[in-house]
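Trainee:
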Amino acid sequence: MIRFIFAITALLGASLIVGATTLGTALSALEVAEVHDWGTMRPPKSGYLETDLKIRNRAAEGELSILEVKPGCGCTTAEPVRRLLGPGEETTVHVKLNISPTQNGLLQRNVTFRSVHGSDTTTQTMWLKVDVARLVTVGPSGFVAINGAKVGVVSEAVVTIMNPGDAPVTIDNVKPEEGLLVDLPNDVVLGPKESRQLLLKYTPVKSGTFQSNVRFTARVKDESDEIQIPAYGTTIN
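The sequence shown: position 64 = 172 (this note's numbering), numbered continuously.
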């Protein structure tokens, strides 16, 4: 009797293993990289990165249909050349990732693929990564929040800019916008690893929400970055 129970248990266990293996094969019919990493790079002058990534139907039989390719945010687009792949066939997905003027450091976005192979519908995620290395960093958060400002009253905020590199950086073409003032003159030079605090002043003329920017150019030899510091908040009477 005991031998019979062991035999039944072993048989059921083997069935579960076979079932799991079959399920695993079905789930992996769409072959797509888990991560595409551009590495560390200077921000692109175009304002975006793009590439063509390969995806493949690795099943030995049966067509694979790509039902949906969904970027995780509006800054990313991804479009496959083909949506129906036979066994072993591959296609490319054209991916475009926008880099904002304020982006610095590690940026991670995702693209979700939903596909069907036979009776199995699966969802897989690919991560896009890039470490944007700007000539000047802005801290502590890369933007200025001014909440509770009063109409006709000067509100102040402080941010810090820093040269993270090993060569002097020259700041010029300083352009505060829409009611902002900033104590940053042109032709300021930040030495290697040197930082400087900026005092921003804003005098609202009406209540409600507002948004503005401080823009400037950072230069090192023949390289340049267009830096943007957004400022936004709410104004009360």
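Note that the Cβ used here is the ideal one computed from N, Cα and C, for glycine as well.
1. Ignoring anything shorter than 3 residues, give me the beta strand (DSSP E) runs that lie fully in the stretch 194–241, in order along the chain.
2. For S263, name the three-state secondary structure that DSSP assigns.
3. Nearest to A241 by alpha carbon, out of I207, R304, K309?
4. Tell whether a beta-carbon distance below 9 Å holds between F324 and V266.
5. Looking at the structure shown, is L131 part of a helix, part of a strand, or coil, going by DSSP?
6. Looking at R222 and L236, is the spacing between their C-beta atoms short of 9 Å?
7. Taking the alpha-carbon positions, what's the G127 to F318 distance?
8. Hey, K162 and T200 are a contact pair by Cβ (cut 8 Å); roughly how many whole angstroms apart?
9. Given a threshold of 16 other Cβ atoms within 10 Å of its Cβ, counted over all protein chains shown, does T159 qualify as buried or as exposed?
10. With a CB to CB cut of under 6 Å and the five nearest residues on each side skipped, what residues in its chain are close to S173?
11. Could you tell me which residues DSSP pairs with K301 in its beta bridges?
12. Whole angstroms is fine: what's the gap from T185's alpha carbon to Y156's?
13. Exposed or buried, what is T268 when buried is set at 16 or more other beta-carbons lying within 10 Å of its beta-carbon?
14. Throw me the rounded Cβ distance for the E334 and L307 pair, which I believe falls under 8 Å.
Mentor: In this structure, then:
1. List check, beta strand (DSSP E) in window: 198–206, 213–225, 228–240.
2. It is a strand residue.
3. Taking only the C-alpha atoms, the option nearest A241 is I207.
4. Pairing F324 with V266 gives a Cβ-Cβ distance that is not under 9 Å.
5. The pLDDT assigned to L131 is 37, lower than 50, so where the model puts this residue is not dependable; a value taken from the coordinates is nonetheless given after this. In this structure, L131 counts as helix in the three-state DSSP scheme.
6. Result no, Cβ atoms of L236 and R222 do not sit closer than 9 Å.
7. Below a pLDDT of 50, predicted positions are generally treated as unreliable, and G127, at 36, falls in that range; the measurement from the model is reported next regardless. Between G127 and F318, the C-alpha separation is close to 59 Å.
8. The pair is a contact, with the Cβ atoms about 6 Å apart (cut-off 8 Å).
9. With fewer than 16 Cβ atoms within 10 Å of its Cβ, T159 is classed as exposed.
10. The answer, listed in chain order, is L192, V224.
11. DSSP, once it has assigned bridges, lists no residue as partnering K301.
12. Those two C-alpha atoms are separated by around 11 Å.
13. Of the residues assessed, T268 falls on the exposed side of the cut-off, its CB having fewer than 16 other CB atoms within 10 angstroms.
14. Contact doesn't hold; Cβ gap of about 22 Å is too wide.
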